[in-house]
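Asker:
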Amino acid sequence: AALFFSKKIFPLIIEKIPNAKFYVVGQNPPLKIRRLSSGNIKVMGFVPDIRNEYLKSAVNVAPIRFSAGTLNKIIESLALGIPVVATSIAVEGLPKELLKYIYVADSPEFFAEKVIEILNHPDVRNNLMHEGIKAVRNLLDWEKIVRDFQTYLENELYNLKQT
Numbered sequence: 689a690a691l692f693f694s695k696k697i698f699p700l701i702i703e704k705i706p707n708a709k710f711y712v713v714g715q716n717p718p719l720k721i722r723r724l725s726s727g728n729i730k731v732m733g734f735v736p737d738i739r740n741e742y743l744k745s746a747v748n749v750a751p752i753r754f755s756a757g758t759l760n761k762i763i764e765s766l767a768l769g770i771p772v773v774a775t776s777i778a779v780e781g782l783p784k785e786l787l788k789y790i791y792v793a794d795s796p797e798f799f800a801e802k803v804i805e806i807l808n809h810p811d812v813r814n815n816l817m818h819e820g821i822k823a824v825r826n827l828l829d830w831e832k833i834v835r836d837f838q839t840y841l842e843n844e845l846y847n848l849k850q851t
């Protein structure tokens, strides 16, 4: 995803916003990722607290093209109020109620356009993402998940007793 973004999407963003930066954060990036480092691309590798990196960001990108587990990264961003641009594959499995807070784009051109829109309009972070933070907390709060799971199990047990 980082290679795809840096080669196909980020150049389109740099055309419009020459001082844009792309930070690649993740444990033990392979050599082909580390080689991406340049003036506009920063390969951070492991960081002790990912929240700090999110909070320094104007947008989080998830340009996943193959099925992979990135839902936590998207949820973390939303919970911190950071706008997300992601491919449709990257958001598979998220509650439908959260999709309205994520910019979904599959083509490099449309993906770049959405990132540029967010970078040029910081009010997105203040308006839309304020609602997104609440939605994540309401939908994915641990107490709610445990309560819903308990209710599900109780219903299943009740249905078993009825048969």
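Residue numbers (my numbering): 689 to 851. All C-beta atoms, glycine included, are put in the ideal place defined by N, C-alpha and C. The structure displayed is predicted, hence computed values, not measured ones.
1. In terms of residues, what are the limits of the beta strand (DSSP E) holding Ala774?
2. Our contact map puts Ala800 next to Ile701 with C-beta atoms below 8 Å; I'd like the distance itself, whole angstroms only.
3. According to DSSP, simplified to helix, strand and coil, what is Asn826?
4. Rounded to whole angstroms, how far is the Cβ of Arg753 from the Cβ of Phe692, which I believe are closer than 8 Å?
5. In chain order, which continuous runs of the alpha helix (DSSP H) of length 4 or greater are located wholly inside the segment 762–825?
6. Taking the beta strand (DSSP E) that Lys730 falls in, what are its first and last residues?
7. What residues in its chain sit with their C-beta under 7 Å from that of Ser694, if we drop five residues either side in the sequence?
8. Could you spell out the range, first to last residue, of the beta strand (DSSP E) harbouring Asn740?
9. If you draw a straight line from the alpha carbon of Val812 to that of Gln715, how long is it in whole angstroms?
10. Residues in its own chain within less than 7 Å of Val713 by CB, not counting five upstream and five downstream?
11. Take Ile763 and list the residues in its own chain whose beta-carbon comes closer than 7 Å to its own, dropping the five residues that flank it on each side.
Answerer: Walking through what the data contain:
1. Working through the sequence shown from its first residue, we reach residue 774 at position 86. Residues 772–774.
2. The residue given as residue 800 occupies position 112 in the sequence shown. The residue given as residue 701 occupies position 13 in the sequence shown. Right, the Cβ-Cβ distance comes to about 5 Å (below 8 Å), so this counts as a contact.
3. Locating residue 826 in the sequence shown gives position 138, counting from the first residue. Here Asn826 sits in helix by DSSP.
4. In the sequence shown, counting from the first residue as 1, residue 753 sits at position 65. In the sequence shown, counting from the first residue as 1, residue 692 sits at position 4. Contact holds; Cβ gap of about 6 Å.
5. Segments of the alpha helix (DSSP H) lying fully in the segment 762–825: 796–808.
6. The sequence position of residue 730 within the sequence shown is 42, counting from 1. Looking at the DSSP string, the run of the beta strand (DSSP E) that includes Lys730 is 729–733.
7. Your numbering for residue 694 matches position 6 in the sequence shown. The beta carbon of Ser694 sits closer than 7 Å to those of Phe710, Leu724, Ile729, all from its chain and outside the five residues before and after it, given in chain order.
8. Within the sequence shown, the letter at position 52 stands for residue 740. Secondary structure note for Asn740: it is in no beta strand (DSSP E), and the uninterrupted alpha helix (DSSP H) holding it is 738–743.
9. Locating residue 812 in the sequence shown gives position 124, where the first residue counts as 1. Locating residue 715 in the sequence shown gives position 27, where the first residue counts as 1. Their Cα atoms are separated by approximately 30 Å.
10. Working through the sequence shown from its first residue, we reach residue 713 at position 25. Met732, Val735, Ile738, Glu741, listed in sequence order.
11. As a first step, residue 763 is located in the sequence shown; it is residue number 75 there, counting from the start. The answer, listed in chain order, is Val824, Leu828.
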